[in-house]
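Colleague:
2 protein chains.
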Amino acid sequence: MRVPALLGALAVLSALLYRLLRRRERERAQVLFFPVEPVMCARPLCARGRGPCECGLWQRERAACRLCALLLTAQRTLDVCVFTISSRELAHAVLVLHRRGVRVRVITDSGHMALAASQVGNFRRAGIEVRHDQDTNYMHHKFAIVDGSILLNGSLNWSSQAIYGNKENVIVVKLPDIVNPFVEEFESLWNEYDPSKFIFSPQK
Amino acid sequence: MRVPALLGALAVLSALLYRLLRRRERERAQVLFFPVEPVMCARPLCARGRGPCECGLWQRERAACRLCALLLTAQRTLDVCVFTISSRELAHAVLVLHRRGVRVRVITDSGHMALAASQVGNFRRAGIEVRHDQDTNYMHHKFAIVDGSILLNGSLNWSSQAIYGNKENVIVVKLPDIVNPFVEEFESLWNEYDPSKFIFSPQK
Numbered sequence: 003m004r005v006p007a008l009l010g011a012l013a014v015l016s017a018l019l020y021r022l023l024r025r026r027e028r029e030r031a032q033v034l035f036f037p038v039e040p041v042m043c044a045r046p047l048c049a050r051g052r053g054p055c056e057c058g059l060w061q062r063e064r065a066a067c068r069l070c071a072l073l074l075t076a077q078r079t080l081d082v083c084v085f086t087i088s089s090r091e092l093a094h095a096v097l098v099l100h101r102r103g104v105r106v107r108v109i110t111d112s113g114h115m116a117l118a119a120s121q122v123g124n125f126r127r128a129g130i131e132v133r134h135d136q137d138t139n140y141m142h143h144k145f146a147i148v149d150g151s152i153l154l155n156g157s158l159n160w161s162s163q164a165i166y167g168n169k170e171n172v173i174v175v176k177l178p179d180i181v182n183p184f185v186e187e188f189e190s191l192w193n194e195y196d197p198s199k200f201i202f203s204p205q206k
Numbered sequence: 003m004r005v006p007a008l009l010g011a012l013a014v015l016s017a018l019l020y021r022l023l024r025r026r027e028r029e030r031a032q033v034l035f036f037p038v039e040p041v042m043c044a045r046p047l048c049a050r051g052r053g054p055c056e057c058g059l060w061q062r063e064r065a066a067c068r069l070c071a072l073l074l075t076a077q078r079t080l081d082v083c084v085f086t087i088s089s090r091e092l093a094h095a096v097l098v099l100h101r102r103g104v105r106v107r108v109i110t111d112s113g114h115m116a117l118a119a120s121q122v123g124n125f126r127r128a129g130i131e132v133r134h135d136q137d138t139n140y141m142h143h144k145f146a147i148v149d150g151s152i153l154l155n156g157s158l159n160w161s162s163q164a165i166y167g168n169k170e171n172v173i174v175v176k177l178p179d180i181v182n183p184f185v186e187e188f189e190s191l192w193n194e195y196d197p198s199k200f201i202f203s204p205q206k
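Sequences listed follow chains A and B, in order. Just add 2 to wherever you are in the first sequence, counting from 1, and you've got the numbering used here. Just add 2 to wherever you are in the second sequence, counting from 1, and you've got the numbering used here.
#1: Taking the alpha-carbon positions, what's the leucine 154 of chain A to leucine 80 of chain A distance?
#2: Are the segment 187-200 of chain B and the segment 170-177 of chain B in contact at 8 Å, needing three or more beta carbon pairs?
#3: Could you give the distance in angstroms between the alpha-carbon of histidine 134 of chain A and the alpha-carbon of tyrosine 195 of chain A?
#4: Reducing DSSP to helix, strand and coil, say where valine 104 of chain A ends up.
#5: Identify whether histidine 114 of chain A lies in helix, strand or coil by the three-state DSSP scheme.
#6: Under 9 Å between the Cβ atoms of leucine 74 of chain B and glutamine 121 of chain B?
#7: Spell out whether any CB of chain B is found under 9 Å from the CB atom of isoleucine 201 of chain A.
#8: What residues of chain B sit near methionine 42 of chain A, judged by a beta carbon separation below 8 Å?
#9: Around the Cβ of threonine 110 of chain B, are there at least 16 other Cβ atoms within 10 angstroms (buried) or fewer (exposed)?
#10: What is the rounded straight-line gap between the Cα of leucine 117 of chain A and the Cα of proline 46 of chain B?
#11: At least one CB of chain A closer than 9 Å to the CB of alanine 65 of chain B: is that the case?
#12: According to DSSP, is glutamate 187 of chain B part of a helix, a strand, or is it coil?
#13: Give every residue of the same chain whose Cβ lies closer than 7 Å to the Cβ of valine 132 of chain B, excluding the five residues on either side of it in the sequence, and list them in chain order.
#14: Determine which residues share a DSSP beta bridge with leucine 34 of chain B and list them.
#15: Quick check on DSSP: helix, strand or coil for isoleucine 130 of chain A?
#16: Measure from the alpha carbon of proline 178 of chain A to the alpha carbon of each residue in A:Gly150, A:Cys55, A:Ile165, then state which is nearest.
#17: Taking 9 Å as the cut-off, decide whether the C-beta atoms of histidine 94 of chain B and cysteine 48 of chain B are in contact.
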């Protein structure tokens with residue numbers, strides 16, 4: 003084999019490697035925009051192996067269904083750190099994961115978890131661990147981490163108004179340089195909001 | 003040159019290329035977390051070439067300063083699409099860019115731009131184009147795009163409470179697969195919120 007041939011092979015291999023890495027980069031990132039309409043049905047997404055529901059509502063493709071389906075890919079852990087959690091569809095997905103044995107942890111804002119539509123009570127009744135801030139500022143993050151490796155983060159609160167009404171976004175990434183700081187932030191807040199550290203003179 | 007030597011060179015070059023692309027990936031993404039304390043001073047960031055201000059407040063490194071400094075790297079365009087804009091420091095940076103000849107466009111929420119602390123009035127007085135929604139739902143995005151290529155997106159509204167009080171995040175990315183959908187979303191909303199399309203029977 004001659005030198006020019008090897009240099010040619012080198013160039014081809016480098017180009018292939020570059021394309022492979024670019025594709026990996028693309029697969030590791032997608033963006034979801036909201037609002038979506040009409041209202042979706044999460045039942046077939048949550049019930050593995052069953053056919054579509056006959057309700058006539060959207061069941062896939064739309065951003066809300068993709069978000070729900072992404073959450074349902076969790077095999078080991080789901081860490082939710084969201085300001086407002088009142089969407090029944092997304093809460094249903096979280097409860098399904100909990101019943102499947104996925105370790106679910108939820109961090110939310112103390113003021114907003116007291117709202118009538120909040121799903122935090124349902125989580126706690128099901129045995130899901132929920133922790134929250136205890137000060138006058140907001141726990142305003144809106145992110146979730148699937149299996150410690152997929153980050154869903156953006157402006158979207160987990161509420162029907164956000165999903166079906168507002169202009170919102172969720173970035174979905176698997177890039178460790180973005181995901182890992184959020185894993186650390188979650189652990190830091192989980193520790194900060196440990197109920198054993200609470201001061202029982204609420205400021206809110 | 004022998005074949006084994008060339009194959010060795012091929013392996014080394016592939017490894018170097020991989021490391022280079024990984025470093026590029028890392029450089030293209032960073033995450034900022036809030037709150038920060040104490041209050042920052044944006045003056046030296048906004049005034050190129052001058053020394054530090056003597057106020058004693060934080061002037062660099064902290065997430066808020068980094069966010070402000072990132073905005074100030076804009077050479078041609080700054081597209082702001084943020085729900086609440088009341089931070090004087092960030093508004094100051096936007097006004098500085100406008101005065102430097104950068105084309106600044108702002109999209110915000112119609113309800114929140116009417117709040118007393120809103121900086122939208124200052125933007126308009128300076129001649130910056132501002133557009134907003136005209137319905138009962140929220141324009142809830144919190145992103146900005148620098149020169150069409152750097153995206154700053156997360157939970158952070160541009161308010162003092164968000165910067166100095168709340169738990170918040172901003173992802174900074176240059177990855178086209180993430181940035182480009184936001185460029186399209188901005189153009190779509192800019193077009194949707196064209197004042198010539200307004201219906202003059204406000205629902206809010």
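Using N, Cα and C, we set each Cβ at its ideal position, and we do this for glycine too. For clarity, every value in this text was computed on a predicted model and none was experimentally measured.
Modeller: Quick look at the numbers:
#1: 11 Å
#2: no
#3: 6 Å
#4: coil
#5: helix
#6: no
#7: no
#8: Going along chain B, no residue has its Cβ under 8 Å from methionine 42 of chain A, so there is no contact; the nearest lies around 17 Å.
#9: buried
#10: 43 Å
#11: no
#12: helix
#13: Val108, Thr110, Val122, Phe125, Arg126
#14: B:Val172
#15: coil
#16: A:Gly150
#17: yes
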